[in-house]
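Numbering (our numbering), first residue to last: 1 to 269. All residues carry an ideal CB built from backbone N, CA and C; glycine is no exception. Given the structure is predicted, the values throughout are model-derived calculations rather than measurements.
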Amino acid sequence: MRVTYPAPDVVALGEAAPIPGLGFLPVNAYLLRAEQPLLIDSGLPTSRTEFLDALWSHVDPADLRWIYLTHPDRDHTGSLMEVLRAAPSARLITTFLGMGILTIEYDIPPERAFLLNPGQSLDLGDRSLTAFRPPVYDSPATTGFYDTRTGTCFTSDCFGAPMVSAEYALADDIAEVPPNELVAGQRLWATVDSPWVTGVDRDAFRASLLPLRRLEPSVVLSSHLPAAHDAASQLLDTLESAPDAEPFVGPDQAALEALLAGFEPPSPA
Numbered sequence: 001m002r003v004t005y006p007a008p009d010v011v012a013l014g015e016a017a018p019i020p021g022l023g024f025l026p027v028n029a030y031l032l033r034a035e036q037p038l039l040i041d042s043g044l045p046t047s048r049t050e051f052l053d054a055l056w057s058h059v060d061p062a063d064l065r066w067i068y069l070t071h072p073d074r075d076h077t078g079s080l081m082e083v084l085r086a087a088p089s090a091r092l093i094t095t096f097l098g099m100g101i102l103t104i105e106y107d108i109p110p111e112r113a114f115l116l117n118p119g120q121s122l123d124l125g126d127r128s129l130t131a132f133r134p135p136v137y138d139s140p141a142t143t144g145f146y147d148t149r150t151g152t153c154f155t156s157d158c159f160g161a162p163m164v165s166a167e168y169a170l171a172d173d174i175a176e177v178p179p180n181e182l183v184a185g186q187r188l189w190a191t192v193d194s195p196w197v198t199g200v201d202r203d204a205f206r207a208s209l210l211p212l213r214r215l216e217p218s219v220v221l222s223s224h225l226p227a228a229h230d231a232a233s234q235l236l237d238t239l240e241s242a243p244d245a246e247p248f249v250g251p252d253q254a255a256l257e258a259l260l261a262g263f264e265p266p267s268p269a
């Protein structure tokens, strides 16, 4: 678990998840140290102990007021129930669909949920957060939000990119990643995580990027990308080209068997 401080009042809890055939995917959760502290997502199930140790070293469980779940995929809910049990004053921010999906697996008391739709805002005492739907996503429950006090934008899976190395996945800023590898990774991720993007109307998709362009966030924090400082236009330009990328086609059974064969121990002599 790597702990960094990518924006004012923000603690990033990040790791690099190896994805066979794709590379190393950054997986980030964030703690927003507002007047009412807010956790954004809760990491991977496989690193629950490390995640919770890092989280509680930066906020007392009794002080945590909100858990903002950008969407209910497993790489975002890894420590969700543990955080809810440890932080009795925290409420879970999601959408109606998100809550419905969560209740298939988790027993979340309805009174601890807070439903926030795109376009609505939440007052944290010293700032307001405005929710929006990112232009690409893999879940109908996905939302991100904009911190009106600092200009930081949290975008969930949008702008993600698998990296060729764990070092790049854990970089402090996308400026540390070779530009050609960053663009290739973003375009690949868009077709993997949001496969519908290669079939959209180009003009309509371009128009969907305009709200973020107008915001001009000073920092973009994605669940699956190193922090991006003063680079929102760059990220959006790359995303605008995603509909022209080749659709992603994963390995088939023959490729899987070849991969597994490579892991088999050599036969005794």
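*Nonlocal neighbours in the same chain, by C-beta distance under 7 Å from Ser-165, ignoring five residues either side*: Numbered from its first residue, the sequence shown carries residue 165 at position 165. Here the set comprises Phe-24.
*Since Ser-47 and Leu-64 are thought to touch, with beta carbons under 8 Å apart, how far apart are those beta carbons, to the nearest angstrom?*
Locating residue 47 in the sequence shown gives position 47, where the first residue counts as 1. Locating residue 64 in the sequence shown gives position 64, where the first residue counts as 1. No, Ser-47 and Leu-64 are not in contact; Cβ-Cβ is about 19 Å, not under 8 Å.
_Cα-Cα separation between Leu-92 and Leu-69, rounded to whole angstroms_ = In the sequence shown, counting from the first residue as 1, residue 92 sits at position 92. In the sequence shown, counting from the first residue as 1, residue 69 sits at position 69. Their backbone Cα atoms lie some 7 Å apart in a straight line.
*Pair every Cβ in the region 196-214 with every Cβ in the region 119-130, then say whether three or more of these pairs are closer than 8 Å.*
No contact exists between the region 196-214 and the region 119-130.
*Mind checking who Ala-29 pairs with in its DSSP beta bridge?*
In the sequence shown, residue 29 corresponds to position 29, counting from 1. Beta-bridge pairing links Ala-29 to Leu-13.
*According to the Cβ coordinates, are Tyr-30 and Ala-17 closer than 9 Å?*
The residue given as residue 30 occupies position 30 in the sequence shown. The residue given as residue 17 occupies position 17 in the sequence shown. Not in contact: Tyr-30 and Ala-17 (Cβ atoms no closer than 9 Å).
*Determine the direct distance from the alpha carbon of Pro-247 to that of Thr-218, and round the result to whole angstroms.*
As a position in the sequence shown, residue 218 is number 218, starting the count at 1. As a position in the sequence shown, residue 247 is number 247, starting the count at 1. This sequence places Ser at residue 218; Thr is not what is there. Straight through space, the alpha carbons of Pro-247 and Ser-218 are spaced by roughly 31 Å.
*Which runs of the alpha helix (DSSP H) fall wholly inside the region 112-196 and span at least 4 residues, in chain order?*
166-169, 179-193
_Integer-rounded CB distance, given that Thr-150 should sit under 8 Å from Pro-134_ = Translated into positions along the sequence shown, residue 134 becomes position 134. Translated into positions along the sequence shown, residue 150 becomes position 150. No, Pro-134 and Thr-150 are not in contact; Cβ-Cβ is about 19 Å, not under 8 Å.
*Nearest to Ser-67 by CA position, among Leu-116, Ala-207, Pro-26, is which residue?*
What you label residue 67 is simply residue 67 of the sequence shown in a count that begins at 1. Looking at the sequence shown, residue 67 is not Ser but Ile. Checked all of Leu-116, Ala-207, Pro-26; the closest Cα to Ile-67 is Leu-116.
_Span of the beta strand (DSSP E) around Ala-94_ = Here residue 94 refers to the residue found at position 94 when the sequence shown is read from its first residue. For the record, residue 94 in the displayed sequence is Thr; it is not Ala. For Thr-94, the uninterrupted beta strand (DSSP E) segment begins and ends at 91-94.
*asked:* Does the region 234-244 come into contact with the region 43-60, if we say contact requires no fewer than three beta-carbon pairs (one atom in each stretch) closer than 8 Å?
replied: no
*If Pro-72 and Ala-141 are in contact, beta carbons under 8 Å, what's the gap, nearest whole angstrom?*
On the sequence shown, residue 72 is found 72 positions in, with the first residue counted as 1. On the sequence shown, residue 141 is found 141 positions in, with the first residue counted as 1. Contact flag correct, Cβ pair sits at about 6 Å.
*Given a threshold of 16 other Cβ atoms within 10 Å of its Cβ, counted over all protein chains shown, does Gln-36 qualify as buried or as exposed?*
Stepping through the sequence shown from its first residue, residue 36 is reached at position 36. Under this definition Gln-36 is a buried residue.
*For Met-1, the nearest candidate out of Asp-9, Leu-22, Thr-143, Asn-28 (CA to CA)*: Working through the sequence shown from its first residue, we reach residue 1 at position 1. Among Asp-9, Leu-22, Thr-143, Asn-28, the Cα nearest to that of Met-1 belongs to Asn-28.
*Which one of Pro-179, Thr-152, Thr-148 has the shortest CA to CA distance from Met-163?*
On the sequence shown, residue 163 is found 163 positions in, with the first residue counted as 1. Met-163 has its Cα closest to that of Pro-179, out of Pro-179, Thr-152, Thr-148.
*For the beta strand (DSSP E) holding Leu-38, just list the boundary residues, first then last.*
Here residue 38 refers to the residue found at position 38 when the sequence shown is read from its first residue. Start and end: 38-40.
*Looking only at DSSP bridge pairs, what is Val-219 linked to?*
Residue mapping note: residue 219 aligns to position 219 of the sequence shown, counting from 1. Answer by DSSP bridge pairing, in chain order: Thr-152, His-229.
_Quick check on the DSSP output: the alpha helix (DSSP H) that includes Val-3 runs from which residue to which?_
The count along the sequence shown starts at 1 and reaches residue 3 at position 3. Careful: Val-3 lies outside any alpha helix (DSSP H), inside the beta strand (DSSP E) at 2-7.
*asked:* Buried or exposed, going by whether 16 or more other CB atoms sit within 10 Å of the CB of Phe-96?
replied: The count along the sequence shown starts at 1 and reaches residue 96 at position 96. Exposed: under 16 other Cβ atoms inside 10 Å.
*Just how far apart, CA to CA, sit Leu-259 and Leu-52?*
For the purposes of this step, residue 259 is identified with residue 259 of the sequence shown, where counting begins at 1. For the purposes of this step, residue 52 is identified with residue 52 of the sequence shown, where counting begins at 1. Cα atoms of Leu-259 and Leu-52: separation of roughly 34 Å, rounded to the nearest angstrom.
_Proximity below 9 Å, CB of Leu-221 to CB of Ala-87_ = Along the sequence shown, one-based indexing puts residue 221 at 221. Along the sequence shown, one-based indexing puts residue 87 at 87. Result no, Cβ atoms of Leu-221 and Ala-87 do not sit closer than 9 Å.
*For Ser-139, which of Leu-102, Leu-209, Ala-227, Arg-33 has the nearest alpha-carbon?*
Against the sequence shown, residue 139 aligns to sequence position 139. Of Leu-102, Leu-209, Ala-227, Arg-33, the residue nearest in Cα terms is Leu-102.
_Environment of Glu-257 [buried if 16+ CB atoms lie within 10 Å]_ = Start at 1 with the first residue of the sequence shown, and residue 257 comes out as number 257. Glu-257 is exposed by the Cβ-count criterion.
*Candidates Asp-9, Pro-26, Ala-254, Gly-21: which alpha carbon is nearest Ala-171's?*
On the sequence shown, position 171 is the one that residue 171 refers to. Nearest of Asp-9, Pro-26, Ala-254, Gly-21 to Ala-171, Cα basis: Pro-26.
*For Arg-206, which residues of its own chain have a beta-carbon under 7 Å away from its beta-carbon, when the five flanking residues on both sides are left out?*
As a first step, residue 206 must be located in the sequence shown, where it is residue number 206. Hits under 7 Å: Glu-240.
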